[in-house]
Amino acid sequence: MLNTALFPLTWQVTRRRLIASPLTLASCLAFPAVIVWIGLGDSYETAAKFFFFLFPHVFLIAAQDMVRSDIDGGALENVLFLGGKFRRFLWAKNFVLAGAGGAYVLLLFALFSAWGLALGEFRPIHAAQFGMGLLAGFYYIGLAGTLSYFLRAGSNTMVLLLAQSAALVGLLFSATSRTGFLDYAASGRFPGIGSKLLFGGLVAVLPNLVVSGRLAAYGAEILAGLALLLFVQHRLVRALELKK
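Taking the numbering used here, I'd label the letters of the sequence shown as residues 1 to 244.
The structure is reproduced here in structure tokens:
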């Protein structure tokens, strides 16, 4: 279904939508500013923790309203999308957004690494954390894109953010219980299958957690989840018919 000839058109349409989104622009400008502020106010290592944990959300924000508004708004009824090309256009959005988001965070990582090298605080593990963060970001595109077949506007992103907030609140409440779940998450070791499955569910909602070296093994779950989400999207887009 992938048609590279559609990439220029897909990039042009996607770029205009990203530029027209106040949330996307504000996030892309505010994120590096916050990281620099943390680094100057506290330490480079603290800034690194925030950088690697938060940058996957760049992909989530960029993936808001990927599909549904195009379908309902009649944008795909253009002559450019005759012969089912609208399906390939929607499918190509995954790769265009992944490329655009990847280029942006790669630039930030290069600048952040140069800062760390100048301070003598850059560590090789940061490159591994960046790779895991990219995987989490791509997973966000797959998840938000799949939800966008059912939810219009930025509802796909909002639903995920609300789910993450609820999961984090539950995780914090667990710190006061006797289960020790938060301690298990901090150490990356879970005593039973139940706690492992529970944490696996948390990772499915908040994949940023895999940037922690202790939890990198859950990257396999994210990779499998991404493959499943792309498969689901492929099925959804093949079954899609535009309203007459």
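No residue lacks a Cβ here, since even glycine has one placed at the ideal position from N, Cα and C.
Pick from the options: whose alpha carbon is nearest that of residue i?
{"i": "ARG152", "options": "GLN64, ASP42, PHE112", "result": "GLN64"}
{"i": "ILE318", "options": "ASP42, LEU143, VAL232, ALA239", "result": "Because the chain here runs from 1 to 244, residue 318 falls outside it and cannot be looked at."}
{"i": "PHE7", "options": "GLY201, ALA114, LEU97", "result": "LEU97"}
{"i": "MET132", "options": "TYR218, VAL36, ARG17, TYR44", "result": "TYR218"}
{"i": "GLN233", "options": "TRP91, GLU121, HIS57, ASP42", "result": "TRP91"}
{"i": "VAL210", "options": "VAL36, ALA163, PHE53, LEU106", "result": "PHE53"}
{"i": "PHE279", "options": "LEU111, GLY154, LEU162, ALA62", "result": "Because the chain spans 1 through 244 in this model, residue 279 falls outside it and cannot be assessed."}
{"i": "LEU230", "options": "GLY145, ALA220, THR157", "result": "GLY145"}
{"i": "ALA163", "options": "VAL67, GLY201, MET66, LYS93", "result": "GLY201"}
{"i": "ASN208", "options": "LEU60, LEU117, VAL36, LEU108", "result": "LEU60"}
{"i": "LEU106", "options": "CYS28, LEU161, TYR44", "result": "CYS28"}
{"i": "LEU119", "options": "TYR44, GLN129, ALA167, LEU228", "result": "TYR44"}
{"i": "ALA220", "options": "LEU240, VAL203, LEU236", "result": "VAL203"}
{"i": "ALA48", "options": "SER113, LEU240, ALA227", "result": "SER113"}
{"i": "LEU160", "options": "PHE51, LYS196, LEU206, ARG123", "result": "LEU206"}
{"i": "ALA30", "options": "SER165, ALA20, PHE51", "result": "PHE51"}
{"i": "ARG238", "options": "ILE35, LEU25, PHE86, ASP72", "result": "PHE86"}
Excluding the 5 residues preceding and the 5 following residue i in the sequence, name in chain order all residues of the same chain whose CB lies nearer than 8 Å to its CB.
{"i": "THR46", "result": "ILE38, GLY39"}
{"i": "VAL79", "result": "Confidence at VAL79 is low in this model, with a pLDDT of 45, below 50, so the placement of that residue should be treated as unreliable; the coordinate-derived value is given next. None."}
{"i": "GLY154", "result": "LEU23, GLN64, ASP65"}
Whole angstroms is fine: what's the gap from residue i's alpha carbon to residue j's?
{"i": "TYR104", "j": "PHE138", "result": "13 Å"}
{"i": "GLY116", "j": "ALA167", "result": "32 Å"}
{"i": "ILE125", "j": "MET158", "result": "32 Å"}
{"i": "LEU135", "j": "ALA127", "result": "13 Å"}
{"i": "LYS93", "j": "THR10", "result": "6 Å"}
{"i": "LEU111", "j": "PRO32", "result": "10 Å"}
{"i": "LEU236", "j": "GLY225", "result": "16 Å"}
{"i": "LEU240", "j": "SER212", "result": "39 Å"}
{"i": "VAL34", "j": "ALA26", "result": "12 Å"}
Label residue i either buried or exposed according to how many other C-beta atoms from any shown protein chain fall within 10 Å of its C-beta, with 16 as the threshold for buried.
{"i": "SER148", "result": "buried"}
{"i": "ASP42", "result": "exposed"}
{"i": "GLN12", "result": "exposed"}
{"i": "PHE150", "result": "exposed"}
{"i": "PRO56", "result": "buried"}
{"i": "ILE141", "result": "buried"}
{"i": "VAL58", "result": "buried"}
{"i": "PHE173", "result": "exposed"}
{"i": "ARG193", "result": "For clarity, residue 193 is Ile in the given sequence; the question names Arg instead. Result: exposed."}
{"i": "VAL67", "result": "buried"}
{"i": "ARG88", "result": "buried"}
{"i": "ILE19", "result": "exposed"}
Using a Cβ-Cβ cutoff of less than 7 Å, which residues in the same chain neighbour residue i once the five nearest sequence positions on both sides are dropped?
{"i": "PRO22", "result": "none"}
{"i": "GLY102", "result": "LEU134"}
{"i": "GLN129", "result": "PHE52, VAL211"}
Taking 6 Å as the limit between beta carbons, can you name the residues of its chain near residue i, skipping five residues before and five after?
{"i": "THR14", "result": "VAL96"}
{"i": "GLU290", "result": "There is no way to answer for residue 290, as the model of the chain reaches only from 1 to 244."}
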